[in-house]
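Mapping the sequence shown onto our numbering, position 207 (from 1) lands on 470, and the numbers just tick up by one.
Glycine included, each C-beta is placed from N, C-alpha and C at the ideal position.
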Amino acid sequence: MRRLMIATVLSLGCAFVAAPLGAQRGPSAKWDTAGGDAQLTGWQKIEPRITSANVPAMKLLWKLKLGDGVGGGLAPTEPLFTGRMITEAGFRDAAYVLLPGNNLYAVDYELGRLMWSKHFDVQNSPAQACPNGQFAAFIIQPLPTFTAGRRGAPGRGSAAAGRSAAPAPRPEPPPEPAARVAFASPGGGFRMRGIFVLTSDGYLHELRTANGADYGEPVKFLPYQDSNLSDPTVAGDTMYVATRGECGGQMQPNGVWKPEPNGVWSVDAKTADYPVNSHATGVNATGLDGPAQSTDGKTLYQTTGSGNQGTHPDGVLALDAATLEVKDYYTPASDPAGGPAIDVSPAVFQLSGKDVIAAYDADGRLVLLDSASLGGADHHTPLAQSAPLTTRGQAAWGRLATAELNGTRWIYVAVHGPVAAGLHLAATHGPAPNGSIVAFKVAGSGSALTLTPAWQSANLDDPSPAVIASGHVFTLANGGSGHDARLEAFDDTTGASSYSSGAQIPSPANRSSLALDAGHILFVTGDNTLYSFGIGILH
């Protein structure tokens, strides 16, 4: 039986050193899952180095070419952070990115240096059906718990308490044969951090964060190969991923390729046989990410696209997290045939003590849904809805972003193309024919909610999903058609421009999204270059 195994990373000697360092550390941030958290909010709540005041002073910290090839039209994963960790070479501040071709890279994000890389030898089919698809995915679990201070970070210790003062670490012990995968390890001072990589042949691999070594043999998760994958999410002992576009499939004995059904899949790590469950949506599962989770982890919210099979197209499904059975659904009341293609993951947030789901539906509208009854008795009635954001033929992709700022809930949408004429915005910042970030304010409580269009950013070519931190909204204008990528920042309540990378990025990106933590904003361009912009360490 194939197994993934777990080993203890930190020795007692390391634990002894870490304790006093941890006492000097301030609040801890994280970005170890796409979207920042399982609710896909895109909100970095704790960012000690990038502040509201110093965003205009951000700069290019480093760039690093990863591999010799280009993406070949495939999308990279969102970079993820583990923060400070112990390796054979001492303390390192680690971030990871998985690129097309099943190549995983670990980078010291303070130094901009490659720590290690790993290629997964996977046999792909001759033709991949989705040129913009993501054919491998990964997540870091559980949350980082090592507490050594970062060098020079405010409130996190001095340089003497960082990498240069670290004693030589003890070698990692070999994996224990009886261990098995667990996405949420039991408690204790130093829970194990692992990287879980789902490769394009459907196998799930568990790796050590420090050096990329396998903990054990991979586990078969998806029965198909070449799936167009979402970024995975984890709740408790279960991992979830969505497959889209009917890209994957199986070669039949008669030589006929059988397409993979779109759907949501889960693998359970509580038992040794790792049972897999699935829900075939029958229609396209949309959005950059896997399903957004309720705040209690018991319900998943998955957006759907058009299709002639199955039920509930162009809306939102509520799935039981344990069984993946449909608990509820929302679809727009009007017929969206011929309307814009919607490819946006939802976001979940709490308002007045209950979960509210924000989604971008097939009418091109932003809607708010009640977690107790997604679309009301007729499944078509949201708590609130906006006027259409997009004109016919335009689209959006990625995910929504949401944050509570000074007592007001805000939602940010990355719109591609011009906004519809009927969207009455309180503030605009010049013509935006190619795309923009549009901000909404949520008002009211209970079942009486309203969505008010607040501002539209300046023009952006193919904007990435928004990331919110330190009083600003960040996005990557991916570029294309003769335009290079640009990192942009806007005031989160007015939309005024606060930073632009200008001409510092000499290539476009391909549906790249941002990760933000510890003074660094990471993203990958179409030539497989990893960039870091932000505020460097103060010496």
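Asked                                                                                                                 : Found
R454 versus T350 - alpha carbon distance                                                                              : Its pLDDT being 42, under 50, R454 is placed unreliably by the model, and nothing is read from it.
Residues near T792 by beta carbon distance below 6 Å, same chain, minus five either side                              : K326 and K328
Close-in-space but distant-in-sequence residues of the same chain around V678 (CB under 7 Å, 5 per side omitted)      : L652, T653, A659, G698, S699 and V701
Other residues of its chain near G330: CB distance less than 7 Å, five sequence neighbours each side excluded         : L362, N366 and N791
The segment 713-723 / the segment 778-790 touching (three or more Cβ pairs under 8 Å)                                 : no
Counterpart residues of S636 in DSSP-defined beta bridges                                                             : D633
Separation of A721 from L686, as counted between CA atoms                                                             : 16 Å
Cα-Cα separation, G758 to N540                                                                                        : 43 Å
Reduced DSSP category for L793 - H, G, I as helix; E, B as strand; rest coil                                          : strand
N-terminal and C-terminal residue of the beta strand (DSSP E) that R347 is part of                                    : L343 to T350
Contact the segment 515-534 vs the segment 485-502: 3+ CB pairs below 8 Å                                             : yes
Under the three-state DSSP convention, the category P609 falls into                                                   : coil
Proximity below 7 Å, CB of L551 to CB of Q565                                                                         : no
Same chain, Cβ closer than 6 Å to D583, five either side skipped, listed in chain order                               : K590
Min CB distance A748 to chain B below 7 Å                                                                             : Given the protein chain composition of this structure (a single chain), no chain B is represented.
Simplified DSSP state of T318, which is helix, strand or coil                                                         : It is worth fixing the name first, because residue 318 is Val in this sequence and not Thr. Looking at V318 - three-state DSSP - the assignment turns out to be helix.
A555 vs A610 beta-carbon contact at 7 Å                                                                               : yes
Beta carbon of T665 nearer than 7 Å to that of A711                                                                   : no
Closest Cα partner of I458 within the set G765, I402, A585 and Y675                                                   : I402
Close Cβ partners of A740 (< 7 Å) along its chain, the five nearest in sequence each way excluded                     : L723, D724, D725, P726, A748, R749 and E751
Cross-strand partners of I313 (DSSP beta bridge)                                                                      : In DSSP, I313 forms no bridge with anything.
Pair within 7 Å by beta-carbon distance, D780 and W306                                                                : no
8 Å CB neighbourhood of S803 in its chain, flanking five on each side removed                                         : Because the chain in this structure spans residues 264 to 802, residue 803 falls outside the shown range and cannot be described.
Local Cβ density within 10 Å of E310, reported as buried at 16 or more and exposed below that                         : buried
Presumed contact (8 Å Cβ cut-off) between T340 and Q302, rounded CB distance                                          : In fact, because the Cβ distance is near 19 Å, the residues do not count as touching under 8 Å.
Neighbourhood of V519 by C-beta, 7 Å cutoff - its chain only, sequence neighbours within 5 removed                    : none
Alpha-carbon spacing of G299 relative to S708, whole angstroms                                                        : 26 Å
Buried versus exposed call for A505 [16 or more other C-beta atoms within 10 Å across all chains shown]               : buried
Nearest to Y487 (by Cα), restricted to the options K521, L470, L688 and A596                                          : K521
Residues bridged to I731 [DSSP beta-bridge criterion]                                                                 : W306 and V736
For Y487, the three-state DSSP class (helix, strand or coil)                                                          : coil
Residues of its chain near R774, where Cβ-Cβ distance is below 7 Å and the 5 sequence neighbours each way are ignored : A338, N395, W660 and N741
Identity of the residue in L374, A352, N517 and P342 nearest G798 by Cα                                               : According to the sequence as given, residue 798 is Ile; it is not Gly. Measuring from the Cα of I798, the nearest candidate turns out to be L374.
Which listed residue (V385, Q386 and P342) has its alpha carbon closest to that of A804                               : Given that the chain is displayed from residue 264 to residue 802, the structure contains no residue 804 and the question cannot be resolved.
DSSP-derived helix/strand/coil call for Y503                                                                          : strand
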